[in-house]
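First up is the structure itself, then whatever we jot down about it.
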Amino acid sequence: MGLISENDERAYLEEIKHRENWCQGNNLLLNVSKTKQLIVDCSKKQERHYQPVRINGTTVERVDRFWDCQDTEHASSANANSASANNANGAVGAGNGACAEPTIEQCPLIITESDATREFKRVNSRKAAGSDGICGRVLKDCADQLAPVFTDIFNFSLTLGIVPSSFKRSTIGPVPKKPPPSGLDDYRPVALTSVVMKCFDKLVRDFITSSLPASMDPLQFAYRHNRSTDDAIAHLL
1 MGLISENDER AYLEEIKHRE NWCQGNNLLL NVSKTKQLIV DCSKKQERHY QPVRINGTTV
61 ERVDRFWDCQ DTEHASSANA NSASANNANG AVGAGNGACA EPTIEQCPLI ITESDATREF
121 KRVNSRKAAG SDGICGRVLK DCADQLAPVF TDIFNFSLTL GIVPSSFKRS TIGPVPKKPP
181 PSGLDDYRPV ALTSVVMKCF DKLVRDFITS SLPASMDPLQ FAYRHNRSTD DAIAHLL
């Protein structure tokens, strides 16, 4: 951390308490040692590493890389000192044990605003909303306004290889199998997933499909557009 003088145990514990409260308030995970003490280095991707804090002659465990965690109040000076090094080198080399943050250029698929706008305008306006509350009509009618926002989210998701948790949630509702239902067995569960995630899936699917070789077996009916099991049976007959 470099902001606490050696053997200043009180200042160190106060700093740790502040970090814990700040991380919990921002829904961030904590890396805690067996002694329930840690040091968070909020300066990103810097070449120069501070020496670990020592208390009573004992080196306290430190966390070298607390990714995407920056407290401007306590780390602005450290970030200012390392800004020139970050601009010159971009990322920490593999020799010091840290890894570079992924960039969008490393992902083979880059979604553009026009791609997102086109997919949003294809959405059925009557499609029900998922747990995020965004229905098909909102995406269709506000495609031009929402596309820039979701384009950034889509690209970050592809780059990091992480799907936002809100995209994976679903709302399960009971639908009657027959009217009028007389018991619980007369209902079937229907999961309403995010319409935005469905559009995201289609964009990724189109990219994967376009990357497939042209020499695909013409007799493959599964996972092919406008083909079904009925087509396979008709071909055999």
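No gaps in the numbering here: position 76 of the sequence shown is 76 in the UniProt record's numbering, and each next residue is one more.
Every residue, glycine too, gets a C-beta built ideally from N, C-alpha and C.
In this text, all values refer to a predicted model and were calculated from it rather than measured experimentally.
Nearest to V123 (by Cα), restricted to the options A214, K202, D230: Comparing Cα-Cα distances from V123 to each of A214, K202, D230, the minimum goes to K202.
Which term fits A11, buried or exposed, when burial requires 16 or more other beta carbons within 10 angstroms of its beta carbon? With fewer than 16 neighbouring CB atoms inside 10 Å of its own CB, A11 falls in the exposed class.
At what residues does the beta strand (DSSP E) containing R188 begin and finish? 187-193
How many angstroms separate the CA atom of I208 from the CA atom of R169? If you take the alpha carbons of I208 and R169, they lie about 24 Å apart.
Is the stretch 117-131 touching the stretch 183-199, taking contact as three or more C-beta pairs under 8 Å? yes
Return the chain-ordered list of same chain residues with a C-beta closer than 7 Å to the C-beta of K140, the five sequence neighbours on each side being excluded. F120, K121, V123, S125
Is R136 helix, strand or coil by DSSP? Residue identity check: residue 136 is Gly in the sequence provided, not Arg. DSSP places G136 in helix when its eight states are reduced to three.
Cut-off 8 Å between Cβ atoms - residues of its own chain near P189, not counting five sequence neighbours on either side: I172, G173, P174, V175
In this structure, does DSSP put I172 in helix, strand or coil? strand
On the DSSP letters alone, give me the boundaries of the alpha helix (DSSP H) that T117 sits inside. 113-121 is the extent of the alpha helix (DSSP H) around T117.
Which value, in whole angstroms, describes the spacing of the CA atoms of S182 and A129? If I take the Cα positions, the gap works out to 28 Å.
Between G136 and the rest of its own chain, which residues show a CB-CB distance below 8 Å, the 5 nearest in sequence each way excluded? V123, N124, S125, R126, K127, A128, A129, V195
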